[in-house]
Structure formats: C-alpha cells, structure tokens
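A.B. asks: Just passing along the structure, written as structure tokens.
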Amino acid sequence: MPDHSLKSVTPLGHDMPESVTVGPITIAEVTDIAMASVAARQGRIADVADAAQKIGVTLPEAGRHAAGTPCSAFWTGPEMWMVEAPFATHEDIVAALKPVFGDAASLTEQTDAWVRLRVSGADLPRLFERLCNVDLARSSAGDAIRTMIEHLGAFLLIRRPDEIDVISARSSAASLHHALAAAAKSAF
Numbered sequence: 006m007p008d009h010s011l012k013s014v015t016p017l018g019h020d021m022p023e024s025v026t027v028g029p030i031t032i033a034e035v036t037d038i039a040m041a042s043v044a045a046r047q048g049r050i051a052d053v054a055d056a057a058q059k060i061g062v063t064l065p066e067a068g069r070h071a072a073g074t075p076c077s078a079f080w081t082g083p084e085m086w087m088v089e090a091p092f093a094t095h096e097d098i099v100a101a102l103k104p105v106f107g108d109a110a111s112l113t114e115q116t117d118a119w120v121r122l123r124v125s126g127a128d129l130p131r132l133f134e135r136l137c138n139v140d141l142a143r144s145s146a147g148d149a150i151r152t153m154i155e156h157l158g159a160f161l162l163i164r165r166p167d168e169i170d171v172i173s174a175r176s177s178a179a180s181l182h183h184a185l186a187a188a189a190k191s192a193f
C-alpha cells in the first residue's frame with residue numbers, strides 16, 4: 006500500500022520559511038498569515054463594510070491597506086479586498102468569515118495561492134527602483150500598490166518605510182525571490 010501522507014512546504018519549497026540577507030536588506034518568507042478574498046455582491050457594499058467592522062477592520066479605500074485585530078485587509082479592486090488574519094487562529098479563514106459576511110459578499114480561500122516575502126532594511130527605494138515603477142519616496146505606510154516585478158503581478162504592502170510585504174502568485178515564488186535577491190545584490 007503506498008504512503009499518501011502529505012507534507013506541507015512553504016511557497017519556496019522548504020520545511021521552514023526561508024530568509025536571506027543581502028547587505029542591509031532581509032528578504033523573509035512569511036507563512037503565518039491566512040488570506041481570503043472578499044468581493045461585495047451587487048448593491049451590498051454597505052453590508053460588507055459593516056461586517057468588516059465586526060472582525061475589527063475598516064475596509065480600506067483604493068490603494069490602501071488597513072491593520073485591525075484580529076484581521077487586516079488590503080484593497081485589490083473595486084469593491085474587493087483581501088482579508089488577512091493569523092494562520093494559527095484562522096487556518097480555515099473562509100469558515101471564520103462566512104458567518105460574519107453572510108450573503109453580502111463572495112469569499113474565496115486564498116492562503117495557499119500566494120507567496121508573501123517581507124523585505125526589510127534601510128534604503129528600500131534603492132532596491133525597488135530596480136524592480137518596479139513604484140516611487141517609494143512618494144509612498145507611505147498603509148499604501149497597497151499593485152505593480153509588476155519581473156513580469157509578475159504583485160502587491161506591495163508598505164508597512165513602514167523600512168518594511169514592505171511583496172505578495173505574488175505562489176507558482177512564481179522562486180522567480181520573485183530570485184528577482185528580489187538579485188536586485189539587492191545589484192543595489193548593495
């Protein structure tokens with residue numbers, strides 16, 4: 006009888022999250038955040054906004070992310086957001102959110118579809134000017150910017166001037182990680 010036991014791996018294919026430091030920059034894989042997309046159904050945006058308040062977050066406007074407790078959210082498109090929560094308490098995030106949002110929103114599990122790389126360190130604009138067309142000097146904490154990095158669609162969540170989460174498709178995790186590390190080597 007074959008053994009069908011499965012072993013979870015990170016988006017970069019390891020047992021534990023990967024972290025690499027290049028000069029003043031650290032690129033760390035983040036795997037402890039659950040995510041679900043929330044799309045307001047037609048005419049139900051007010052209900053969705055009220056429901057979000059019940060989970061501790063105000064739904065952010067276009068181009069922004071909002072921290073809350075226990076959930077956070079970032080804008081992904083018109084009347085659409087990605088809601089995040091600690092994986093330890095929200096492993097099945099859709100099951101946790103469905104009773105709150107009811108039929109006002111369509112929810113989709115997203116946790117395993119994405120890679121999140123937390124880039125931290127001094128002089129991040131010097132790194133990102135090599136990667137995408139985002140002017141970090143004009144950005145601020147709380148921005149959620151949709152961009153392209155090495156032909157990969159990505160979100161940049163600006164947490165602080167020295168910390169940015171880069172979120173992209175899990176299937177391109179290695180390519181994204183390579184692009185960030187190579188740009189850091191080039192910049193520093």
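Here our numbering is used: position 159 in the sequence shown is 164, and no number is missing along the way. All C-beta atoms, glycine included, are put in the ideal place defined by N, C-alpha and C. These numbers were taken from a predicted model, which means no experiment stands behind them.
Which residues mark the beginning and the end of the alpha helix (DSSP H) in which Ala-188 is found?
C.D. replies: Your numbering for residue 188 matches position 183 in the sequence shown. It spans 178-192 - the alpha helix (DSSP H) in which Ala-188 sits, taken as one unbroken run.
A.B. asks: With a cut-off of 8 Å on the beta carbons, I'd call Leu-136 and Ile-150 a contact; round off their distance for me.
C.D. replies: Looking up residue 136 in the sequence shown gives position 131. Looking up residue 150 in the sequence shown gives position 145. Contact doesn't hold; Cβ gap of about 12 Å is too wide.
A.B. asks: Which residues in the same chain as Gly-28 place their Cβ atom closer than 6 Å to its Cβ, once the five residues preceding and following it in sequence are excluded?
C.D. replies: Residue mapping note: residue 28 aligns to position 23 of the sequence shown, counting from 1. Hits under 6 Å: Phe-193.
A.B. asks: Just to confirm, is the Cβ distance from Leu-112 to Trp-86 under 8 Å?
C.D. replies: Position 107 of the sequence shown, counted from the start, is the residue given in the question as residue 112. Position 81 of the sequence shown, counted from the start, is the residue given in the question as residue 86. Cβ atoms of Leu-112 and Trp-86: not closer than 8 Å.
A.B. asks: Is Asp-128 helix, strand or coil when you go by DSSP?
C.D. replies: As a first step, residue 128 is located in the sequence shown; it is residue number 123 there, counting from the start. Residue state, collapsed to three classes: coil.
A.B. asks: May I have a chain-ordered list of the beta strand (DSSP E) segments no shorter than 3 residues that lie completely inside the region 46-105?
C.D. replies: Here the runs fully enclosed are 77-82, 85-91.
A.B. asks: Taking the beta strand (DSSP E) that Gly-158 belongs to, which residues open and close that run?
C.D. replies: Within the sequence shown, the letter at position 153 stands for residue 158. Run containing Gly-158: 157-165, per the beta strand (DSSP E) assignment.
A.B. asks: From what residue to what residue does the beta strand (DSSP E) around Arg-151 run?
C.D. replies: Start at 1 with the first residue of the sequence shown, and residue 151 comes out as number 146. It spans 149-154 - the beta strand (DSSP E) in which Arg-151 sits, taken as one unbroken run.
A.B. asks: Can you tell me where the beta strand (DSSP E) holding Ala-110 begins and where it ends?
C.D. replies: Within the sequence shown, the letter at position 105 stands for residue 110. From DSSP, the beta strand (DSSP E) with Ala-110 extends over 110-114.
A.B. asks: Based on the DSSP secondary-structure assignment, which residues constitute the bridge partners of Val-120?
C.D. replies: The count along the sequence shown starts at 1 and reaches residue 120 at position 115. Ser-173, per the DSSP bridge assignment.
A.B. asks: When DSSP labels each residue in this structure, what does Ala-44 get in the three-state scheme?
C.D. replies: Here residue 44 refers to the residue found at position 39 when the sequence shown is read from its first residue. Of the three classes helix, strand and coil, the one that applies to Ala-44 here is strand, per DSSP.
A.B. asks: Mapping the DSSP letters down to three states, classify Ala-33 as helix, strand or coil.
C.D. replies: The sequence position of residue 33 within the sequence shown is 28, counting from 1. Of the three classes helix, strand and coil, the one that applies to Ala-33 here is strand, per DSSP.
A.B. asks: Among His-182, Ala-109, Ala-127, which has the Cα closest to the Cα of Ile-50?
C.D. replies: The sequence position of residue 50 within the sequence shown is 45, counting from 1. Selected option, being the one with the closest Cα: Ala-109.
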